[in-house]
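**Q** The structure's right below; bear with me while I get my questions together.
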Amino acid sequence: MFSTQQLVGGIQCNLESSRILCSVSSTIKQVVVSPDEKTLLSRSNGNIARLWDAETGKPLQLFKGHTKHILSVAYSPDGKRVLTGS
Numbered sequence: 000m001f002s003t004q005q006l007v008g009g010i011q012c013n014l015e016s017s018r019i020l021c022s023v024s025s026t027i028k029q030v031v032v033s034p035d036e037k038t039l040l041s042r043s044n045g046n047i048a049r050l051w052d053a054e055t056g057k058p059l060q061l062f063k064g065h066t067k068h069i070l071s072v073a074y075s076p077d078g079k080r081v082l083t084g085s
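Using numbering that gives the first Met the number 0, read the sequence shown as starting at 0 and increasing by one per residue.
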C-alpha cells in the first residue's frame with residue numbers, strides 16, 4: 000500500500016516500506032534518496048539544491064553558492080555527505 004506525500008517545491012513521493020518513488024515538477028530536475036531513506040536531495044533549474052525530510056516533506060536545508068547550474072546531486076555511500084556538481 001502506498002502513502003503519498005506532497006513535498007514543498009513540487010516533489011511528490013509514494014512511500015513504501017521497501018522504496019520511495021518520486022515524481023517532480025518541471026522546476027525540479029533531479030531527486031535522490033539518502034541511503035537510510037530519511038532525506039531527499041533535489042536540484043532545480045539554476046544553482047540551488049535542497050535537502051528534504053522524506054517523512055514530513057519539509058525542507059531541511061538550502062544549498063546556495065554555486066556560480067554555475069548544478070548538473071547533478073548525490074549522497075556519499077554512508078549518507079553523511081551530500082554532493083553537488085556543476
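Ideal Cβ placement from N, Cα and C applies to all residues, glycine included.
Here's the rule: buried if 16 or more other CB atoms are within 10 angstroms of the residue's CB, otherwise exposed. What is L61?
**A** Within the sequence shown, the letter at position 62 stands for residue 61. Exposed.
**Q** To which residues of the same chain is L70 closer than 7 angstroms at the C-beta, ignoring the five residues directly before and after it?
**A** Taking the sequence shown and counting its residues from 1, one reaches residue 70 at position 71. Result list for L70: G84 and S85, in chain order.
**Q** Is it true that the CB of A73 sits closer than 8 angstroms to the CB of V30?
**A** Taking the sequence shown and counting its residues from 1, one reaches residue 30 at position 31. Taking the sequence shown and counting its residues from 1, one reaches residue 73 at position 74. No, the pair does not count as a contact, with Cβ atoms beyond the cut-off.
**Q** Which same chain residues, not among the five before or five after S33, have their C-beta less than 6 angstroms away from its C-beta?
**A** As a position in the sequence shown, residue 33 is number 34, starting the count at 1. Once the five neighbours on either side are set aside, the close Cβ partners of S33 are Y74 and G78.
**Q** Please report the residue range of the beta strand (DSSP E) in which S43 lies.
**A** For the purposes of this step, residue 43 is taken as residue 44 along the sequence shown, with counting starting at 1. T38 to S43 is the span of the beta strand (DSSP E), which, as asked, contains S43.
**Q** For K37, which of G56, K67 and T66 has the nearest alpha-carbon?
**A** As a first step, residue 37 is located in the sequence shown; it is residue number 38 there, counting from the start. Closest option to K37, Cα to Cα, is G56.
**Q** Measure the C-alpha to C-alpha separation of K67 and L82 and round it to an integer number of angstroms.
**A** Indexing the sequence shown from 1 puts residue 67 at position 68. Indexing the sequence shown from 1 puts residue 82 at position 83. Each residue's alpha carbon lies about 15 angstroms from the other.
**Q** Using a Cβ-Cβ cutoff of less than 6 angstroms, which residues in the same chain neighbour H65 once the five nearest sequence positions on both sides are dropped?
**A** In the sequence shown, counting from the first residue as 1, residue 65 sits at position 66. Correct list, in chain order: N46 and S85.
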